[in-house]
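Q: In numbering that gives the first Met the number 0, the protein residues as written are 0 to 176. All C-beta atoms in this analysis are idealised placements derived from N, C-alpha and C, irrespective of residue type, glycine included.
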Amino acid sequence: MIISICGIEGSFAEMAAQKAFSEDIKIVYCTSFEDALNSVKEKRSDCAAVPVKTSNSGDVTEVMKLLKSGDWNVKSTYKLHTHHCLLALKGEQIKTVNTVCSHPKALQECSMFLRNMNVSLEEYFNTAAGARYIAENKQKHTAAIASKRAAQLYGLEILAENIENDNDYTIFYIVGY
Ligand SMILES: O=C(O)C(=O)C[C@]1(C(=O)O)C=C[C@@H](O)C=C1
């Protein structure tokens, strides 16, 4: 099975795709929801795993709109419990961080934790993209909100775990055409 997602390695969409299928899958990493869905239409993949609803940050309206505009076949749903971590370069501490970057929905999903930090927020297209940016650019005083797997992949330290607001989950649709 070949599954398209909008995101990079270490993203929650990747995690949802891997958990939704019991067999081994190959992932096609896309940079937009439109691209992920088009890859199914163009038969570069069998299905796309796309987020549609979240418990703490509302519906993913862009995906809802795209799904209404075509002959999409929602094959199944997968509920991913999202556990967010605060990641940074080795040596950084929560008190030395002045900027936090992530996907806008993840920033919303961690609003209670962020309320206690005096930081500026930066939006990235994907949680793991923020983590990769910090690692590749050796960005000091900056932390990313992303998965534990993103910390391992990009060699970042986990400053805090389970920083999401209560009972955080995202519903993904597995969509064919
Ligand atoms: O940025 C990611 O890692 C994603 O998979 C995207 C996404 C979303 O679009 O809702 C999925 C779940 C997270 O809680 C935040 C962002």
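Quick one: is the Cβ of GLU108 within less than 8 Å of any heavy atom of ligand 1?
A: Walking along the sequence shown from the start, residue 108 turns up at place 109. The answer is yes for GLU108.
Q: Between ILE24 and LEU152, what straight-line distance do the alpha-carbon atoms span, to the nearest angstrom?
A: Residue mapping note: residue 24 aligns to position 25 of the sequence shown, counting from 1. Residue mapping note: residue 152 aligns to position 153 of the sequence shown, counting from 1. Whole-angstrom Cα-Cα distance: 19 Å.
Q: Suppose the cutoff is 6 Å on Cβ atoms and the five residues either side in sequence are ignored; what does the same chain contact list for ASN55 look like?
A: Indexing the sequence shown from 1 puts residue 55 at position 56. Answer for ASN55: GLU108, ASN164, ASP167, listed in chain order.
Q: Any C-beta of chain B sitting closer than 9 Å to the C-beta of SER3?
A: In the structure shown, chain B does not exist; there is a single protein chain.
Q: Verify whether the separation of the beta carbon atoms of PRO50 and PHE124 is less than 9 Å.
A: Reading the sequence shown from its first residue, position 51 is the one you call residue 50. Reading the sequence shown from its first residue, position 125 is the one you call residue 124. No. Outside cutoff.
Q: For LYS104, which residues in the same chain have their Cβ closer than 7 Å to its Cβ, ignoring the five residues on either side in sequence?
A: Your numbering for residue 104 matches position 105 in the sequence shown. So the list reads THR53, SER56, once near-sequence residues are dropped.
Q: I want to know whether the stretch 140 to 151 touches the stretch 72 to 80 - three or more CB-CB distances under 8 Å.
A: No: fewer than three Cβ pairs fall under 8 Å.
Q: Among residues of its own chain, excluding the 5 on either side of GLU13, which ones have a beta-carbon nearer than 7 Å to its beta-carbon?
A: Position 14 of the sequence shown holds residue 13. Once the five neighbours on either side are set aside, the close Cβ partners of GLU13 are ILE4, GLY6, ILE26.
Q: Counting only the same chain and skipping the five closest in sequence on each side, list residues whose C-beta sits under 7 Å from that of CYS29.
A: As a first step, residue 29 is located in the sequence shown; it is residue number 30 there, counting from the start. Within the same chain, CYS29 has close Cβ partners SER3, ILE4, CYS5, ALA35, SER38.
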